[in-house]
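Q: For the sequence shown, the residue numbers in the numbering used here are 204 to 422.
Would you mind keeping the following structure in view while I ask a few things?
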Amino acid sequence: MINFDELIDRNTPEDLKHARIKGINDLIPMWVADMDFRTPDEVVDALVEQAKRGVYGYSEADESYDHALVSWYKRRYGWDVDPKTVLKMPGVVLGISDSINALTKVNDSILIFEPLYGPIGRAVKGSGRNLVISDLVMKGSRYEIDFDDFEKKVRENDVKMLIFCNPHNPAGRVWTREELLKVGDICLKNHMIIVSDEIHADFYIAVISISRSLLCQKN
Ligand SMILES: Cc1ncc(COP(=O)(O)O)c(C=O)c1O
């Protein structure tokens with residue numbers, strides 16, 4: 204269990220989160236999605252136990268990993284995940300880069316909603332694809348998708364892929380069902396693939412889901 208009321212001192216010399224704002228006292232560092240809560244004892248104990256074995260060779264996740272994953276998605280979302288369809292990656296951005304390379308061609312257009320966690324746009328540009336940006340708009344106190352702008356840019360640039368983020372970093376939005384359906388409709392109509400970065404969902408795993416439009420094309 205995490206004690207959410209416990210304040211921990213993260214302002215240590217090796218702490219990158221604070222190092223980047225060194226010397227500015229009236230700023231709270233929120234530039235990186237990095238926890239201000241102590242890691243739960245259960246996690247620390249499991250890591251210590253593993254570390255104490257003293258052998259750090261290559262390893263593979265065993266069946267208990269698949270079981271935890273499948274059971275979580277079933278219990279939380281009623282979704283039957285076939286573990287054979289899950290590809291384990293050492294990092295989310297790497298998974299996104301591989302999806303870009305596997306599912307689009309050089310010079311294809313890929314759209315993101317900005318502001319967005321920086322490495323994603325860089326992964327698009329770095330793979331020689333055309334980065335198309337639809338800016339989120341601030342309405343009241345929250346960011347929203349400008350659907351007219353999104354659809355216009357998709358058509359004008361013949362966009363092949365949307366890299367989506369839900370919950371969104373840094374907008375802090377969990378997109379509503381209506382918003383998700385609208386995004387899905389536009390992608391479906393325009394035969395686009397959706398790669399969805401869900402690293403900030405309730406289980407530390409990124410779901411890279413490929414939209415039905417791709418499955419339709421394949422069938
Ligand atoms: C939206 C988003 N995607 C990915 C990452 C990190 O991905 P990686 O596993 O490649 O470090 C972050 C980290 O803050 C993030 O906010």
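Ideal Cβ positions, reconstructed from N, Cα and C, are used throughout, including at glycine.
Identify which residue in 232, 343, 240, 222 has its Cα closest to the Cα of residue 207.
A: In the sequence shown, counting from the first residue as 1, residue 207 sits at position 4. Nearest option by C-alpha distance: 240.
Q: Within 10 Å of its beta-carbon, does residue 238 have 16 or more other beta-carbons around it, so buried, or fewer, so exposed?
A: The residue you call residue 238 lines up with position 35 of the sequence shown. Flag for residue 238 reads exposed.
Q: In whole angstroms, what is the alpha-carbon distance linking residue 271 and residue 359?
A: As a first step, residue 271 must be located in the sequence shown, where it is residue number 68. As a first step, residue 359 must be located in the sequence shown, where it is residue number 156. Taking the straight line joining both Cα atoms gives about 43 Å.
Q: Does the stretch 319-327 come into contact with the stretch 362-369, if we say contact requires no fewer than three beta-carbon pairs (one atom in each stretch) closer than 8 Å?
A: yes
Q: Once DSSP output is grouped into helix, strand and coil, what is the label at residue 310?
A: For the purposes of this step, residue 310 is taken as residue 107 along the sequence shown, with counting starting at 1. Correct three-state label for residue 310: coil.
Q: Under three-state DSSP, which class holds residue 360?
A: As a working note, residue 360 is residue 157 in the sequence shown. DSSP places residue 360 in helix when its eight states are reduced to three.
Q: Judging by CA-CA distance, which residue of 213, 315, 376 is the nearest neighbour of residue 357?
A: Along the sequence shown, read from residue 1 onward, the residue named residue 357 stands at position 154. That would be 315, whose Cα lies nearest to the Cα of residue 357.
Q: Does the distance between the C-beta of residue 244 and the nearest non-hydrogen atom of ligand 1 fall short of 7 Å?
A: Reading the sequence shown from its first residue, position 41 is the one you call residue 244. Flag unset: Cβ of residue 244 not near ligand 1.
Q: Considering only residues of the stretch 323-401, which uninterrupted alpha helix (DSSP H) runs meet the minimum length of 4 residues and lie entirely inside it, listed in chain order?
A: 350-360, 380-392
Q: Can you give the Cα-Cα distance for residue 429 and residue 286, rounded to whole angstroms?
A: Because the chain in this structure spans residues 204 to 422, residue 429 falls outside the shown range and cannot be described.
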